[in-house]
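Chemist:
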Amino acid sequence: DEKVGETVIDLENRLLSRFGSYCGLPQTYCISGINQWRDQLKPSQILQNLARLKGVPPPITEDDGNTLSFNGEQYTLAQFEANNEIHQHLGPANERLPLHVLRTQGLVPEHVESRTLFSSFQPQLSQGRLQMWVDVYPKSMGLPGPPFDIAPRKAKKYFLRAVVWNTTDVILDETSITGEHMSDIYVKGWMPGMEEDKQKTDVHYRSLDGDGNFNWRFIFGFEYLPAEQLCLVSKKEHFWSLDKTEFRIPPKLIVQIWDNDKFSLDDYLGTVELDLHNLTPPAKTPEKCGLGMMEVMLDAEPHKSDLTNSLFAQQSVRGWWPCVI
Numbered sequence: 001d002e003k004v005g006e007t008v009i010d011l012e013n014r015l016l017s018r019f020g021s022y023c024g025l026p027q028t029y030c031i032s033g034i035n036q037w038r039d040q041l042k043p044s045q046i047l048q049n050l051a052r053l054k055g056v057p058p059p060i061t062e063d064d065g066n067t068l069s070f071n072g073e074q075y076t077l078a079q080f081e082a083n084n085e086i087h088q089h090l091g092p093a094n095e096r097l098p099l100h101v102l103r104t105q106g107l108v109p110e111h112v113e114s115r116t117l118f119s120s121f122q123p124q125l126s127q128g129r130l131q132m133w134v135d136v137y138p139k140s141m142g143l144p145g146p147p148f149d150i151a152p153r154k155a156k157k158y159f160l161r162a163v164v165w166n167t168t169d170v171i172l173d174e175t176s177i178t179g180e181h182m183s184d185i186y187v188k189g190w191m192p193g194m195e196e197d198k199q200k201t202d203v204h205y206r207s208l209d210g211d212g213n214f215n216w217r218f219i220f221g222f223e224y225l226p227a228e229q230l231c232l233v234s235k236k237e238h239f240w241s242l243d244k245t246e247f248r249i250p251p252k253l254i255v256q257i258w259d260n261d262k263f264s265l266d267d268y269l270g271t272v273e274l275d276l277h278n279l280t281p282p283a284k285t286p287e288k289c290g291l292g293m294m295e296v297m298l299d300a301e302p303h304k305s306d307l308t309n310s311l312f313a314q315q316s317v318r319g320w321w322p323c324v325i
């Protein structure tokens, strides 16, 4: 194998640094969960060592750990966690408060490093970047916390079922031999990123008033990452690609109305794009269905609007949506 680039880390410098760079300070002190404390020493012990290093009196804790005096300053837990949600993974107050105080002392916080890779053949030219972090634990201080799991999140399998019942007021795109305006209507649907799984209904022939009657069900299987609220799609980027590439795509459903033609290309009549996370509430009747529904959706902010709904939370919705060209 040929070396592309390298980066060098001085572990001794990190271990002996007075800024605590051997293990960065996390934002919270958790005794369980994915952010479980990894350092060998608890926050209160690290703060005592810092006081000894600075030559100041050791910290004094009062009020069951909710008040702490250090280096002439008084700190309370409320000033750091006034608006924070207290979950079951957090540790006791007499450890959480020392951690908050430590984070005000200029010590290295927990972070992911982005290091540039260099080659000895072209030392001034970057050969790429590496994202990583390093924890250094002295063996004499005992065992560290549990290792951090960096395995990628596993997507959950979902099925989206879309039942097409009716269409109404569809554009009459053809003219029959008797001079009547008509359309042979069918509906096509797919999810972005999975265009190879496009599905379509049967054809409602000779619709004279724009109405189409169906009883057709689309079923789309997809993989979903709840934490990222994105669909995970694995496919080859090009037909000559050896391996598949993973794409993360917002979960949406695209529905189109088409006019079926025997001897020419089918005519496109309209489409609607439904965001499964911010789903436009459907109209109960065709008379109440209009483009104003979609305009309200576009103008509203997703995190503030009361009119948007997540299909993942609702599980099922039914009604009318407008299609546009």
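The sequence shown begins at 1 in full-length UniProt numbering and counts up by one. Using N, Cα and C, we set each Cβ at its ideal position, and we do this for glycine too.
Between which residues of its own chain and I31 is the CB-CB distance below 8 Å, once the five residues before and five after are set aside?
Modeler: Indexing the sequence shown from 1 puts residue 31 at position 31. The answer, listed in chain order, is W37, H89, L90 and G91.
Chemist: Does the stretch 111-126 come close enough to the stretch 135-153 that 3 or more CB-CB pairs lie under 8 Å?
Modeler: Judged by Cβ distances under 8 Å, the stretch 135-153 makes no contact with the stretch 111-126, as fewer than three pairs qualify.
Chemist: Quick one: Cα of Y186 to Cα of L265, how far?
Modeler: Counting from one through the sequence shown, the residue named residue 186 turns up at place 186. Counting from one through the sequence shown, the residue named residue 265 turns up at place 265. Whole-angstrom Cα-Cα distance: 14 Å.
Chemist: What's the gap between the Cα of L193 and the Cα of H181?
Modeler: One-based indexing of the sequence shown puts residue 193 at position 193. One-based indexing of the sequence shown puts residue 181 at position 181. According to the sequence shown, residue 193 is Gly rather than Leu. Taking the straight line joining both Cα atoms gives about 36 Å.
Chemist: Return helix, strand or coil for P144, following the three-state DSSP convention.
Modeler: Within the sequence shown, residue 144 is the residue found at index 144, counting from 1. P144 falls in the coil class under three-state DSSP.
Chemist: Anyone know if the C-beta pair for I249 and E273 falls short of 8 Å?
Modeler: Sequence index remark: in the sequence shown, residue 249 carries index 249 (1-based). Sequence index remark: in the sequence shown, residue 273 carries index 273 (1-based). No; because the gap between Cβ atoms is not below 8 Å, this pair is not in contact.
Chemist: Going straight from the alpha carbon of E246 to that of I219, what length do you get?
Modeler: Taking the sequence shown and counting its residues from 1, the one referred to as residue 246 is at position 246. Taking the sequence shown and counting its residues from 1, the one referred to as residue 219 is at position 219. E246 and I219: Cα-Cα distance of roughly 22 Å.
Chemist: In whole angstroms, what separates the C-alpha of Y224 from that of R153?
Modeler: The sequence position of residue 224 within the sequence shown is 224, counting from 1. The sequence position of residue 153 within the sequence shown is 153, counting from 1. So the alpha carbons of these two residues sit roughly 10 Å apart.
Chemist: Do L97 and N66 come within 8 Å of each other at the CB atom, strictly closer than that value?
Modeler: Reading the sequence shown from its first residue, position 66 is the one you call residue 66. Reading the sequence shown from its first residue, position 97 is the one you call residue 97. Closer than 8 Å, so yes.
Chemist: So R14 is in the beta strand (DSSP E); what residue range does that whole segment cover?
Modeler: The residue you call residue 14 lines up with position 14 of the sequence shown. Taken as a continuous stretch (DSSP letters only), R14 belongs to no beta strand (DSSP E), being part of the alpha helix (DSSP H) at L11 to L16.
Chemist: Secondary structure at P226, three-state DSSP: helix, strand or coil?
Modeler: Start at 1 with the first residue of the sequence shown, and residue 226 comes out as number 226. Three-state result, P226: coil.
Chemist: By Cβ distance below 6 Å, which residues in the same chain neighbour V203 in space, the five residues on each side in sequence not counted?
Modeler: Against the sequence shown, residue 203 aligns to sequence position 203. D184, Y186 and N260, listed in sequence order.
Chemist: Measuring only the C-alpha atoms, how far is G5 from G33?
Modeler: For this step, residue 5 is matched to residue 5 along the sequence shown. For this step, residue 33 is matched to residue 33 along the sequence shown. Looking at the two C-alpha atoms, the distance is approximately 36 Å.
Chemist: Helix, strand or coil for E113, going by three-state DSSP, please let me know.
Modeler: Numbered from its first residue, the sequence shown carries residue 113 at position 113. In the structure shown, E113 sits in a strand (DSSP, three-state: E or B).
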